[in-house]
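Undergrad: Below is a structure I'd like to ask you about.
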Amino acid sequence: MRFVFLHFSVPRTELVGDAVRYVKAGSKVILRCLVRGALEPPSYIMWFYGTQQIYQDNKRGLKIQMEREFLDPEMGNHTTVGSLIINPAHKRDSGNYTCSPSSSEAITIMLHVINGEYSASAITSASSRGKYSDLIAAAIIISVAMFKT
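Shown next, in the form of structure tokens:
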């Protein structure tokens with residue numbers, strides 16, 4: 001009797017950083033997703049703003065980058081990094097951004113671009129989904145208070 005052991009490698013998509021982000025208007029924002037565990041790197045990584053695909057030659061000046069071939073020698077699989085660069089970020093850039101690789105599930109990031117104004121109720125409702133909601137809310141409130149003085 002012979003046994004054959006199969007090792008399945010299922011690619012997965014992960015975010016670099018939090019799924020909900022707060023950034024200051026005018027700053028450079030880099031959204032990154034990782035595709036890990038793929039035997040072959042994805043053919044492409046598409047980015048969406050809401051339901052609209054973002055193209056490399058877009059009028060908003062957003063840049064898309066894909067870095068391939070980070071090989072894990074132990075597992076024999078690949079990690080690929082997909083990046084979306086927003087420079088500078090404007091209030092109109094707030095919204096859902098989705099990283100959609102060809103070989104794994106899509107993942108979404110909620111971006112909030114703030115000008116220094118922000119309501120306490122919006123901070124509480126948006127940040128309560130994260131692990132560090134109290135710290136995020138306190139940091140934003142302190143930032144807003146310092147910005148206004």
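full-length UniProt numbering applies: residue 1 is where the sequence shown begins, and numbers increase by one.
All C-beta atoms, glycine included, are put in the ideal place defined by N, C-alpha and C.
(1) In angstroms with no decimal places, state the Cα-to-Cα distance between residue 56 and residue 62.
(2) Ordered along the chain, which non-local residues of its own chain (more than five positions away) have a Cβ less than 6 Å from that of residue 36?
(3) Looking only at DSSP bridge pairs, what is residue 25 linked to?
(4) Quick check on the DSSP output: the beta strand (DSSP E) that includes residue 112 runs from which residue to which?
(5) So, with DSSP's three-state summary, where would you put residue 59?
(6) When you compare only the Cα positions, how much space is there between residue 89 and residue 26?
(7) So, are the CB atoms of residue 97 and residue 44 less than 8 Å apart?
(8) Quick one: give me the first and last residue of the beta strand (DSSP E) that residue 44 is part of.
TA: Result, derived from the coordinates:
(1) 7 Å
(2) 12 and 79
(3) Paired residue(s): none; residue 25 is not in a bridge.
(4) 107-114
(5) coil
(6) 5 Å
(7) no
(8) Neither: residue 44 is in no beta strand (DSSP E) and is coded neither H nor E.
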